[in-house]
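By the count of the numbering used here, the sequence shown reaches residue 783 at its end, each step adding exactly one. No residue lacks a Cβ here, since even glycine has one placed at the ideal position from N, Cα and C. These numbers were taken from a predicted model, which means no experiment stands behind them. Before any comments, here is the structure.
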Amino acid sequence: MKIAIIGGGPAGLYSAILLKKQRPEAEITVYERNRADDTFGFGVVFSDATLDNFEKYDAPSYRRITQEFAYWDDIAVHFRGTVHRVGGNGFCGCSRRKLLLILQERARELGVHLMFQSELDDITGLANADLVVLADGINSRFRERYAEHFQPEIDVRSNVFAWMGSSRPLDAFTFIFQETEWGPFIAHAYQYEMGHSTWIFETDPETFERADLKGLDEKQSAERMEKIFGWFLEGHKLLTNRSMWRNFPMIRSKRWVKGNMVLIGDAKATAHFSIGSGTKLAMEDAIALADAMHRAPTVEQALKLYEGDRREEVEKTQHAADVSLVWFEHVDRFWDFDPVQFAFGVMTRAKAITYDNLTLRAPEFVNEVDKAFANQVRAGGFNVDVAKPVAPMFQPLKLREMTLANRAVVSPMCMYSAKEGMPGDFHLVHYGSRAIGGAGLIFTEMTCVSRDARITPGCAGLWNDEQEAAWRRIVDFVHANSAAKIALQLGHAGRKGATKLMWDGMDRPLEEGGWDVLSASPIPYFPDSQVPREMDRAAMDAVKASFVAAAGRGERCGFDMLELHCAHGYLLASFISPLTNQRTDEYGGALENRLRFPLEVFAALRAVWPAHKPMSVRISATDWAEGGITGDDAVQIARAFAEQGVDLVDVSTGQTVRDAQPVYGRMFQTPFSEQVRNEARVATMCVGNITTSDQVNTILAAGRADLVALGRPHLVDPAFTMKAAAWYGAGDIACPPQYLPGKEQIFRNSVRDRQDFDDLKIKAKPKTRAELKSEATKPLAAE
Ligand SMILES: Cc1cc2nc3c(=O)[nH]c(=O)nc-3n(C[C@H](O)[C@H](O)[C@H](O)COP(=O)(O)OP(=O)(O)OC[C@H]3O[C@@H](n4cnc5c(N)ncnc54)[C@H](O)[C@@H]3O)c2cc1C
Ligand SMILES: Cc1cc2nc3c(=O)[nH]c(=O)nc-3n(C[C@H](O)[C@H](O)[C@H](O)COP(=O)(O)O)c2cc1C
């Protein structure tokens, strides 16, 4: 077999090694345009888990690599004169140049032909190769040559960065967030061998412009960075090596394989440097390719297998890298945060590290975070314990005169179980048990303001006296038997009205017994859905009047809070999204116009809803669709409602149009809440695939939301919050006397369960290489 590999970076060399080991008879050639020891960059970083993988696949190169490595365990965050250190991270660094020399030597030893100073421009000379590996890096000529086939997507990010080096010793992966007269600068730095560290400097385009860095050569740039970070460099110089300022290209390719050609490493996909995964991904691609070649009988099948098996892992890493890079791009959102909360945000930015996880390895740090959170709550007028604070989830919150005992919320969820809009016994038990279960706030399902405002025939409403009495019974029960507050969500289905119950076909039109539907524009949801009537001014007045009437009834029922539903493609949302609003009057066109009617309804409600009671608005912060609402629009929308007196923005997403492409994942909507909260400076509630109290605490402590709503988790577990309170030892949680023995038992058992769980986790966690190394070099205690 003949294998040609274009590119002698980590991906190309490591695949040559693994393939040659697997097929000693194969003729494998690596073509590299540079000389053997001519490389850019300084250090590379691997996690312990990646090194375990290297050990398994090629022990000799692993041994040589680890002889050269620097290990560290801590991450240090420098911000506004403070430094916070968190241990247990298990990273290793090594010189990129040495890594390549080790891989070259190992490849040579196995019999791989290494052709340096061989720049390939086309593959005609490789016509007799059975396999062509395209490992030609981030600017891959071959990916671009066959762009129509590979379909790369290149998203050039806004921040500007440069790689440099230094002799400054570092004992932790170090982030420095530096205020300057031009704006914020960030340094990501780590030591990769004695006396050598990598330094990546990053800033936003406006600060870059203001600091006049454009056009400076490498030396001048290094001098400028030495000035900014001089206090930390302690006289050590910055070194350069192709250290030009550049923008990070986030690359994804739809296809990785063309005939017998395969893209690997940076050529196929990149991951932002802030999660230190570029070289790791490149070498793990090589492992996946070698694995596939081992398992499949033909090259064609092997390449199919490689792409099929590897894509998900790569995309997961890219997603984590995306989330991380967005955090760094918007660091200004957190610039006025308390430094410990800021550091917590840095640590938890990419989802893998959480509140509980940090509690296990850096309990003092999390204790400081809890104290800072408690201090903020105290500043809000609560007499909470700051010396021994409870976890953020159990800190109270005040909106106008409404006080919530904790930050866990039952999200609004239609039960499709009402008859002619009447909530019945099911609703009483449903809301009652969730209130007793401990959540600080319970939302009603979307409660429709008129019969024709319903989504389905099973939707609850509040347009007549019987419904008012039924809701009052529920509200009274909640108030009498729990500490929970209850909010009424009012809505109008718009073009999604007259549809089937969820379990009969969500959003599908009713076959019989339907009613006429309204929307901003006459666009049906499904092609076979009812075409809605475009609302004229009279219809707007009528709808507004029904909202106002329902709010009056809600007040008489004793609801503590009122939410206006402007999300998920329902009537008011249909005005806000340009995908559903094609009007040419003053209610269509620019966002300001599209917001006009929803704001008018909000203002009318605010006028009748008692001033001491809070109001929220639910929005879809993105339509997940081309041309639709984006996070930036959501900030404008939140600001507009805030001007009308909204107290909380309930940040949801999507459900506007059928062909949306949501990116699901754990806590997938939380970044929108974070953006709205910290750009529009308004309190937010986040929601969406948040399933654990650990995630709730992580979100709150990092300042990504003020309240956290859970929908589906509450459907199966009304006592979600009570259980979490027991876990975190938040003993103040209210419990009706009938259930006290249950509360006492779970609180008692949780102490032991939690201890057992933590012990198990600590035992199951292998020692990091940094820990092993420091143990090995510790002087023996005198006997
Ligand atoms: C300037 C710069 C500095 C970096 N510094 C660091 C760092 O300090 N630490 C870190 O972890 N990561 C660093 N990275 C990222 C890291 O290099 C990559 O994520 C990783 O090297 C990817 O490995 P790869 O083998 O896919 O690509 P590369 O390492 O880029 O290797 C591709 C190779 O292909 C060769 N090549 C390209 N075209 C041809 C051709 N037509 N014919 C022959 N040969 C060709 C190139 O010369 C190169 O050697 C840096 C990236 C850049 C751009
Ligand atoms: C069965 C069901 C009914 C829902 N009904 C409503 C509703 O009436 N009003 C609303 O704003 N959101 C509604 N939602 C959306 C939820 O409030 C929540 O945003 C969504 O389920 C995501 O949160 P989760 O992942 O915690 O479930 C509903 C969701 C479900 C699963």
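Counted as a single uninterrupted DSSP element, the alpha helix (DSSP H) harbouring N53 occupies residues 48-57. Under DSSP, the beta-bridge partners assigned to D650 are R618, M685. If you ignore the 5 residues before and after T580, its C-beta comes within less than 8 angstroms of the C-beta of R495, S519, A520, S521, I523, G569, A573, S574, T656, V657, all in its own chain and listed in chain order.
Between the alpha carbons of A734 and F426 lies a distance of about 23 angstroms.
Bridge partners of F91 according to DSSP: S47, W72. Relative to ligand 1, even the nearest heavy atom lies 7 angstroms or more away from the CB of S253.
If you ignore the 5 residues before and after V314, its C-beta comes within less than 6 angstroms of the C-beta of A269, all in its own chain and listed in chain order. Per DSSP, the beta-bridge partners of G491 are C448. If you draw a 10 Å sphere on the C-beta of H612, you find fewer than 16 other C-beta atoms in it, and that means exposed.
Taken from the Cβ of P524, every heavy atom of ligand 2 lies 7 angstroms or farther away. In the structure shown, the three-state DSSP call for G137 is coil. Contact check for F79 against A480 fails: the beta carbons are separated by 8 angstroms or more.
A642 places its beta carbon 8 angstroms or farther from that of A590. Here DSSP, grouped into helix, strand and coil, assigns A611 to coil.
In terms of Cβ geometry, A483 and F720 do not form a close pair [threshold 8 angstroms]. Its chain contains no residue whose beta carbon lies nearer than 6 angstroms to that of K419 once the 5 sequence neighbours on both sides are disregarded.
Shown here, I200 sits in a strand according to DSSP, grouped into three states.
About 23 angstroms separates the CB atoms of H272 and A222; that is not less than 8 angstroms, and the two are not in contact. By the Cβ-count criterion, W471 is buried, with 16 or more other Cβ atoms from all chains shown falling within 10 Å of its own Cβ.
When the Cα atoms are used, S750 and P718 turn out to be separated by approximately 18 angstroms. Three or more beta-carbon pairs separated by less than 8 angstroms link the region 240-259 to the region 152-170, which places the two stretches in contact. Short of 8 angstroms from the beta carbon of P205, and not among the five residues preceding or following it, lie these beta carbons of its own chain, in chain order: S158, N159, V160.
Within the model, the alpha-carbon separation for E144 versus S253 is close to 11 angstroms. Spanning the alpha carbons of L100 and D385 requires a straight line of approximately 55 angstroms.
In the three-state DSSP reduction, A538 falls in the helix class (H, G or I). Shortest gap from the CB of G90 to any heavy atom of ligand 1: 7 angstroms or more. When secondary structure is reduced to three states using DSSP, P718 falls in the coil class, being assigned neither helix nor strand. No residue range can be given for F116, since it is assigned to no beta strand (DSSP E) and is classified by DSSP as neither H nor E. Taking all protein chains shown into account, V449 has 16 or more neighbouring C-beta atoms within 10 Å of its C-beta and is therefore buried.
The Cβ atoms of E445 and M415 sit closer than 8 angstroms to each other. Distance from A16 to A107 at the Cβ level is roughly 5 angstroms; contact confirmed, criterion being Cβ atoms closer than 8 angstroms.
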